[in-house]
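>
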Amino acid sequence: MQNHSAPVPVALVLWIIWFAILTSVFMIQFVVGGGLPTGENDPAVEAPLFFWAGVAAVLLASVLRWVVLPRIPPHPGHLMLLVVGASLAELPVILGTFAIPDTLPQTQLTLFVLAVLGVAQFAPVYAKPLPPGGSGLRD
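If you read the sequence shown in my numbering, its first letter stands for residue 72, the second for the next number, and so on.
#1: For GLU117, does the count of other Cβ atoms within 10 angstroms reach 16, so buried, or fall short, so exposed?
#2: Under three-state DSSP, which class holds ALA186?
#3: Alpha carbon to alpha carbon, what distance is there between PRO144 and LEU188?
#4: Classify ALA91: buried if its beta carbon has 16 or more other beta carbons within 10 angstroms, exposed otherwise.
#5: By the DSSP assignment, the alpha helix (DSSP H) with VAL154 in it spans what residues?
#6: Sort PRO172, ALA82, GLN192 and ARG142 by Cα distance to PRO108 and report the nearest one.
#7: Indicate whether the contact test is met: 3 or more Cβ pairs, each with one atom in the region 153-163 and one in the region 91-103, closer than 8 Å.
#8: Taking just the CA atoms, how far does GLU111 sit from PRO119?
#9: State the Cα-Cα distance for the pair ALA124 and ARG136, rounded to the nearest angstrom.
#10: Would you mind stating whether VAL154 and ILE88 have Cβ atoms separated by less than 8 Å?
#11: Residue range of the alpha helix (DSSP H) that LEU83 falls in?
Dropping the structure here:
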């Protein structure tokens, strides 16, 4: 017996994975973190090393998106870089929720915004509908 199910377009898979990662950023912030932090940072507390680790993760993700991604073959490289890069870009919201003290709400909010922007840049606009016999990615 043969399976005659149609293949799932690669573009659709990329969009679903990207949307799931972007949604997880909001879920971490609003469900686990309790919403958007408000208030002023405690002036006696410096920005911890975890803040700079979050910034570095988004910078590395940006290099992956804008320098590496355009230069690699579409399949399966784009899927791999989407997952790795968007996961790196998600790191700041995780650090802001679990590693940054509640006395630094502006720092937590900055990391949340960095995570949203970092994941948003991985939107698979480079994907297109699957042509007959094609990979679903622009050549």
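Note that CB positions come from ideal geometry on N, CA and C, so glycine has one too. Since this is a predicted model, take the numbers as computed values, not measurements.
Let me spell this out:
#1: Position 46 of the sequence shown, counting from 1, holds the residue named residue 117. Exposed: under 16 other Cβ atoms inside 10 Å.
#2: Position 115 of the sequence shown, counted from the first residue, corresponds to residue 186. Here ALA186 sits in helix by DSSP.
#3: For the purposes of this step, residue 188 is identified with residue 117 of the sequence shown, where counting begins at 1. For the purposes of this step, residue 144 is identified with residue 73 of the sequence shown, where counting begins at 1. Cα to Cα, LEU188 sits roughly 25 Å from PRO144.
#4: Here the question's residue 91 lines up with position 20 in the sequence shown. Label assigned to ALA91: exposed.
#5: In the sequence shown, the residue the question calls residue 154 occupies position 83. 148-169 is the span of the alpha helix (DSSP H), which, as asked, contains VAL154.
#6: As a position in the sequence shown, residue 108 is number 37, starting the count at 1. The alpha carbon of PRO108 has as its nearest neighbour, out of PRO172, ALA82, GLN192 and ARG142, the alpha carbon of PRO172.
#7: The answer is yes - the region 91-103 touches the region 153-163, with three or more Cβ pairs under 8 Å.
#8: Taking the first residue of the sequence shown as 1, we reach residue 119 at position 48. Taking the first residue of the sequence shown as 1, we reach residue 111 at position 40. Straight across, the Cα-Cα distance linking PRO119 with GLU111 is about 16 Å.
#9: As a first step, residue 124 must be located in the sequence shown, where it is residue number 53. As a first step, residue 136 must be located in the sequence shown, where it is residue number 65. Near 18 Å, if we compare the C-alpha coordinates of ARG136 and ALA124.
#10: In the sequence shown, the residue the question calls residue 154 occupies position 83. In the sequence shown, the residue the question calls residue 88 occupies position 17. Taking C-beta atoms as the reference points, VAL154 and ILE88 count as a pair closer than 8 Å.
#11: The residue given as residue 83 occupies position 12 in the sequence shown. Segment 81-98, the alpha helix (DSSP H) holding LEU83.
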